[in-house]
Structures are given as C-alpha cells and as structure tokens.
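Worksheet: one structure, shown below.
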C-alpha cells in the first residue's frame, strides 16, 4: 500500500516512526522508499535504535577532554596547597623562609608528589565525590591520614636529607589538611559546576529523556538538560525541561535557550530532515554528542544495549594495540618480581594460617578461560573448606556470608592475598597484572548463550585485577552479575592503555587498603 507523505504538523515522532518490517531477500538487502537497508551489517540494539557513533557523525572528545582538564586543575591546586602549606609552616616556625627553604623544599616536594598518588588511591580525584559533602570530608580525612603516615615513614626510614622534621611535619600536615579541604570546596563552587559545556538539548525517544536527565544530574560532567524533542509519542511532563514539538523548533531553541550541546539518542540517517538540521549545526558552536558516549563516560561501562557487530568494527582496532601489548608484557614481568619476593616472604605465615584454619592443602588450582578462549590453569591460596564444590561449580555470593569460606580465607580475600600465587601465571604469560578476570569454562558457556559478544573479552590477556574489579565491587553471585561486569570489561578492552592500567593498579591498592575485596 502506498504511504502518504509526512506532513509538517505530524512532528518528529511521525518523522521518526520506524518503517514497516519487511523480510529481507536472500541477498540480504531490501529497498524501501529508495532507502537501502543492509540486514547483514546494520545491527539494531535491544531498543531498536542504532547508536549515533555508527552513522553520520563522529562523537566529539569534548566531554572527555573537559573532564580531564578539571581533574588536572584539581591536581595542580593540590600541589599548590602543599607548597603553600610548607611556606606557612616555615614562616610560623622560623619567622622567615629564606634560610630554611633550601633544606626543606626538595624532600617536601617529593612527599607532595606521593601525596597526590595517595589522593588518587583514596579516590579523591573522582569528581563525583565533590557532590557528596559528608563522603568527601570522610574520604579526604582518611586520605590525609594515610599521607601523613607515609610522610613519617619517608623521613625516618630514608634519612638522607639530614632533617627529622617532627614539629614541621605535623604543622605541615594540619595546614595542608585545612587548606586542601577549603580548596576542594572552592573548586566545587567556582570550577566544577561552571567550567562545563552547559546547556543540553536531547533528541531521541521520550522514554529515555528521564534516564538521560538523571544520568547528567548524577555525573560530574557539568551538563544541564534544558530541552528535549521526542522521537516517540511519549513525553514526560514531570521533568523540569522544555519540550519541543517539531524539528523546525530546534535551531531557534538553540539560539534562544543558549544551548551548546545536542545529545542524540537516534540515528540521523533514519530521518532526512534531522540529518539536514544536524548538518547545519556543524557550522554553529554546538557540540553533537552521542547518548551512549555520555553513559560510557559517566559510568565507566559500555551499555550492552548499544553493543553490536558494528560497534566492535568501529571501536576494537586490535592491530593498533600490538605495541601496547608488547609494552604491557614487559611491564608485567618487571612488576612481578617484587610480588614474587613478597609471596616468598609471606608464604610460611600464610601456609601456617591456612593449616590452622581448616584441614587440607595450602594451594588449589582451577581451570579458567584465558587469552583467545584457551584454557589456562591458575593457582590460589586455599580459602575454602574441603569439598566446597562437591555439588559442582557455583558462584560465591559473598566471602562474608558464604559458609564454605574459612575465617582466614575471608581475611585473605578481603586483602586479595589469595591471588598472590597467580604471579607465577603472570610470569608464564597466562595472565597479565591488569585485564578482565578469567572466568571458569563452566560459566563461560551459558554467558556466551546469553550474550554472544561475551567471548570478545578474551581479546586480551586476563588479569589479576581489572576495571570491573575496581568499579563493580558487588560480589558476582549470578550470571546477571557477570553480564554487568562484562560492560566494564568491554570499556577496558576499548580504552586499554598504559595510563588506564596504572589507574586500575592504584585503585586496586585503595581497595586492598580498605579491605573491600570480595
């Protein structure tokens, strides 16, 4: 039946209403109204939409770069605070700084650099923390106490600077504590919420507007959802935003509402009118953003609803990672040496504790799925009673509540001591220090059935710790939890780099110190 041409009064919802489904021909293509749909390569997500990044426009790195600039400003401010605290300390103690600065500047600058690392481990460079005053105060206090303990150890265990600054160090700590917390409050008020892209227009299904609104509100991106244009019949009037009714209102609204970012939750190619509007916006100071990219940047995971064959073709360029993988292998071997020494030193004490806690061997081995889907055998210190899996493999809901886990085993899991024997696997090349945790083959098969792309987490070597382990701290007690972790693993596979690996390593240190292991 011949379709009637769309009239302007029907609005964007009518313009973007999907075309009737038609079974593809054997050649894999079907032409509908002069539009060629390739059913073999055009993958739709679970909501029937394609992500923008697979279509007309490339996602701008604006959000990521601005986010990093704000974090860099916070770090520079901290360094300035530590140096200012030293100047104030010397002035209070000696009434002048000319004669004392040369003696104290170098050692205290080294301490300041390590304090920055300590802050990162504590999570104080997570910009979302600035929106939670009570948690910020507690985390900042914990971070500064940890830094103070490090400074004491630095000056008294490495006495090469010829000073033992007991009073100066304590005074420097107190002044840094007060100035640093004040700087963070000032940063939140003057920079974090102001140095941002600002006002946003969302174009996409009305059902998603609330999710986008909440995502932006809870993030540290500094965005504000100002208006929306629904591509469906749904309009959420409970949101405190302006709703546009037609594509013709987009450009006037951008001018009148001073909008400088447009978030797209639809594929432009589906509507020629939308594509024309977006093309004209390329000549305006307006950023065109992908809704999936915002969620990725905010949450640190890849939403599975946006994953398709096309997604992998656009984002996983494994040939470009060859140099990084070579560097990473050398990095693994270099860092494994001190961990090997630590394991050897702790081995007698760990072995005695395991033997006293429950009868059985000190070590146990498991088969896991490794790089390229090949089976590998990993070793751990035993943390469970004998015959813990007499009814077959099963997920551990939580070491705190699982009756199979011994008291000593629970402590080792919290500090991740039980993973130390896997340093041998790292030296062999079965594992890396950083990467997706290897899963048991008994669990991989049903996970691949639920999500065929699950196997692509095996593109890189599995690791002792990974992005999912530092971002998703909930115990993996079901297949659904594993699929949630898959979103973080996909993020790591897409963005893996030396800097991300170092960040994961530092975050792991923070988790171990807080005994947050599962």
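Numbering (the working numbering), first residue to last: 1039 to 1556. Yeah, the Cβ is synthetic: ideal placement off N, Cα and C, and Gly gets one too.
- Residue pairing by DSSP places residue 1405 opposite 1415 in a beta bridge.
- Our two residues, residue 1392 and residue 1398, have alpha carbons roughly 8 Å apart in a direct line.
- With 16 or more other Cβ atoms from the protein chains shown falling within 10 Å of its own Cβ, residue 1269 counts as buried.
- Secondary structure of residue 1324 (DSSP, three-state): coil.
- Fewer than three Cβ pairs drawn from the stretch 1306 to 1325 and the stretch 1447 to 1465 lie within less than 8 Å of each other, which leaves the two stretches out of contact.
- At a Cβ-Cβ threshold of 8 Å, residue 1342 and residue 1489 count as neighbours.
- Pairing residue 1381 with residue 1261 gives a Cβ-Cβ distance that is not under 8 Å.
- Residue 1299 carries a strand assignment under DSSP once its states are collapsed to helix, strand and coil.
- DSSP lists 1242 as the bridge partner or partners of residue 1268.
- Distance from the CA atom of residue 1211 to the CA atom of residue 1145, rounded to whole angstroms, is 14 Å.
- Rounded to the nearest whole angstrom, the CA to CA distance from residue 1208 to residue 1184 is 13 Å.
- Counted as a single uninterrupted DSSP element, the stretch harbouring residue 1280 is not any alpha helix (DSSP H) but the beta strand (DSSP E) occupying residues 1280 to 1282.
- In this structure, the CA atom of residue 1409 is about 33 Å from the CA atom of residue 1156.
- Straight across, the Cα-Cα distance linking residue 1163 with residue 1385 is about 35 Å.
- DSSP, reduced to helix, strand and coil, places residue 1127 within a helical segment of the structure shown.
- Excluding the 5 residues flanking it on each side, residue 1182 has same chain C-beta neighbours closer than 6 Å at 1215, in chain order.
- The Cβ atoms of residue 1403 and residue 1414 lie no closer than 8 Å to each other.
- Ranked by how close their Cα comes to the Cα of residue 1284, the residues 1301, 1312 and 1276 have 1312 in first place.
- The DSSP-derived three-state label of residue 1489 is coil.
- Just measuring C-alpha positions, the residue of 1169, 1286 and 1217 sitting nearest residue 1123 is 1217.
- The continuous alpha helix (DSSP H) containing residue 1395 extends over residues 1360 to 1395.
- The stretch 1368 to 1375 makes contact with the stretch 1458 to 1478, as at least three CB pairs between them are under 8 Å.
- In the same chain as residue 1248, and ignoring 5 residues on each side of it, the C-beta atoms closer than 7 Å to its own belong to 1274 and 1277, in chain order.
- C-alpha of residue 1374 to C-alpha of residue 1295: approximately 56 Å in a straight line.
- Look at the beta carbons and you see the stretch 1131 to 1140 not touching the stretch 1160 to 1177: under three pairs across the two are nearer than 8 Å.
- According to the DSSP assignment, residue 1156 belongs to the alpha helix (DSSP H) that extends over 1136 to 1160.
- For residue 1218, the enclosing alpha helix (DSSP H) starts and ends at 1204 to 1225.
- Counting along the chain, residue 1542 sits inside the alpha helix (DSSP H) bounded by residues 1536 to 1551.
- Contact check for residue 1115 against residue 1221 passes: the beta carbons are separated by less than 8 Å.
- Boundaries of the beta strand (DSSP E) harbouring residue 1501: 1501 to 1503, taken from the DSSP string.
- With respect to residue 1478, residue 1406 sits close: the two C-beta atoms are nearer than 8 Å.
- Counting C-beta pairs with one atom in each stretch, the stretch 1418 to 1434 and the stretch 1497 to 1504 have fewer than three that are closer than 8 Å, which means they do not touch.
- A Cβ-Cβ distance of about 5 Å is found for the pair residue 1444 and residue 1396, placing them in contact under the 8 Å criterion.
- Here residue 1463 is buried: its Cβ has 16 or more other Cβ atoms, across all protein chains shown, within 10 Å.
- For residue 1183, there is no enclosing beta strand (DSSP E); the enclosing alpha helix (DSSP H) covers residues 1171 to 1195.
- Annotated three-state conformation of residue 1470 is strand, per DSSP.
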